[in-house]
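What follows is a short report on a single structure.
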Amino acid sequence: MTAPHLTPSRLDELVAQARDLPRRRLHLNLHAGPDEPCQRLINAMEPDSYIPPHRHAEHTTNECLLALRGVFALIVFDETGTPLRALQFGGPDADLEVVELAPTTWHTVIALETGSVLFETKSGPYRVASAKVAAPWAPPENDPAVETYLSALTAWARDQLGARRAGERPAPLQPRPIEL
Numbered sequence: 012m013t014a015p016h017l018t019p020s021r022l023d024e025l026v027a028q029a030r031d032l033p034r035r036r037l038h039l040n041l042h043a044g045p046d047e048p049c050q051r052l053i054n055a056m057e058p059d060s061y062i063p064p065h066r067h068a069e070h071t072t073n074e075c076l077l078a079l080r081g082v083f084a085l086i087v088f089d090e091t092g093t094p095l096r097a098l099q100f101g102g103p104d105a106d107l108e109v110v111e112l113a114p115t116t117w118h119t120v121i122a123l124e125t126g127s128v129l130f131e132t133k134s135g136p137y138r139v140a141s142a143k144v145a146a147p148w149a150p151p152e153n154d155p156a157v158e159t160y161l162s163a164l165t166a167w168a169r170d171q172l173g174a175r176r177a178g179e180r181p182a183p184l185q186p187r188p189i190e191l
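For what it's worth, the working numbering labels the leading residue of the sequence shown as 12, then goes sequentially.
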């Protein structure tokens with residue numbers, strides 16, 4: 012567990028550390044341990060960090076995300092891996108201020124700006140074996156296909172967010188697969 016308050020300089024440190032890591036992200040637990048009933052963490056992420064699409068099917072409560080710095084895209088998928096929608100949280104053009112996801116929702120989050128930081132909370136206790144259900148249709152972390160998949164997914168999300176800003180119909184109304 013960390014000190015109960017996070018200063019801007021501590022967030023700066025997390026961002027700098029995340030930039031130096033191979034995964035290009037770093038989380039900081041705010042809860043005392045895995046058995047706590049409320050898991051709370053800070054996640055500093057760079058745009059080239061890949062969180063494989065997943066869901067939290069073992070949990071019975073929602074996951075909640077809040078951008079503290081930067082801009083993120085939340086991408087929601089159907090059961091086959093087709094992205095249904097991209098929503099921006101963080102930044103002046105945010106679609107959402109707070110993200111709340113049901114445990115059965117397939118999703119991922121992509122940082123759209125360098126130095127992005129989010130706050131995440133979900134129910135505990137945390138159990139590695141059941142914390143996330145990996146999407147069978149997406150490459151696992153460290154797979155050679157990740158770079159191509161993340162690039163295509165990011166381009167798709169930016170396209171969807173840009174279309175919505177321009178007043179066009181967004182992807183939720185007409186889902187289409189990511190073209191790799």
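Just so it is clear, CB atoms sit at the ideal spot from N, CA and C, and this is done for glycine as well. The structure displayed is predicted, hence computed values, not measured ones.
With 16 as the cutoff for other CB atoms within 10 Å, does residue i come out buried or exposed?
| i | result |
| --- | --- |
| Arg176 | exposed |
| Gly2 | Residue 2 lies beyond the residue range present for the chain, which begins at 12 and ends at 191; the question has no answer from this structure. |
| Arg138 | exposed |
| Ala55 | buried |
| Thr115 | exposed |
| Trp148 | exposed |
| Thr71 | exposed |
| Leu164 | buried |
| Ala113 | exposed |
| Pro94 | buried |
Can you grab the Cα-Cα spacing for the pair residue i / residue j, in whole Å?
| i | j | result |
| --- | --- | --- |
| Leu37 | Thr159 | 22 Å |
| Pro63 | Lys133 | 18 Å |
| Ala27 | Leu123 | 17 Å |
| Trp167 | Phe88 | 13 Å |
| Glu47 | Val109 | 22 Å |
| Pro19 | Gly92 | 37 Å |
| Leu39 | Arg21 | 11 Å |
| Arg96 | Glu24 | 32 Å |
| His65 | Glu90 | 11 Å |
| Gln50 | Arg35 | 22 Å |
| Leu32 | Asp170 | 28 Å |
Pull up the DSSP beta-bridge partners for residue i, would you.
| i | result |
| --- | --- |
| Val87 | Arg96, His118 |
| Ala145 | His65 |
| Thr72 | In the DSSP output, where bridge partners are listed per residue, Thr72 has none listed. |
| Asn40 | Leu52 |
| Ala78 | Leu129 |
Among residues of its own chain, excluding the 5 on either side of residue i, which ones have a beta-carbon nearer than 6 Å to its beta-carbon?
| i | result |
| --- | --- |
| Leu98 | Leu85, Asp106, Leu107 |
| Glu111 | Asn73, Cys75 |
| Ala78 | Phe100, Gly101, Leu129 |
| Ile136 | The amino acid at residue 136 is misidentified as Ile; the sequence shows Pro. Within the same chain, Pro136 has close Cβ partners Pro45, Asp46. |
| Leu17 | none |
Check for me: the alpha helix (DSSP H) holding residue i runs from which residue to which?
| i | result |
| --- | --- |
| Thr132 | It is not in any alpha helix (DSSP H) - Thr132 instead sits in the beta strand (DSSP E) that spans 127-134. |
| Leu161 | 157-176 |
What are the boundary residues of the beta strand (DSSP E) that residue i is part of?
| i | result |
| --- | --- |
| Val109 | 109-112 |
| Ala27 | Where Ala27 is concerned, there is no enclosing beta strand (DSSP E), although the alpha helix (DSSP H) it sits in stretches over 19-31. |
Spatial neighbours of residue i within its chain, please: CB distance less than 8 Å, with the 5 preceding and 5 following residues excluded, ordered by chain position.
| i | result |
| --- | --- |
| Leu161 | Asp59, Tyr61, Ile121 |
Identify, in the order they occur along the chain, each residue of the same chain with its Cβ nearer than 7 Å to the Cβ of residue i, setting aside the five sequence neighbours on each side.
| i | result |
| --- | --- |
| Thr125 | Glu57, Pro58 |
| Arg30 | Glu57 |
| Glu152 | Tyr61, Pro63 |
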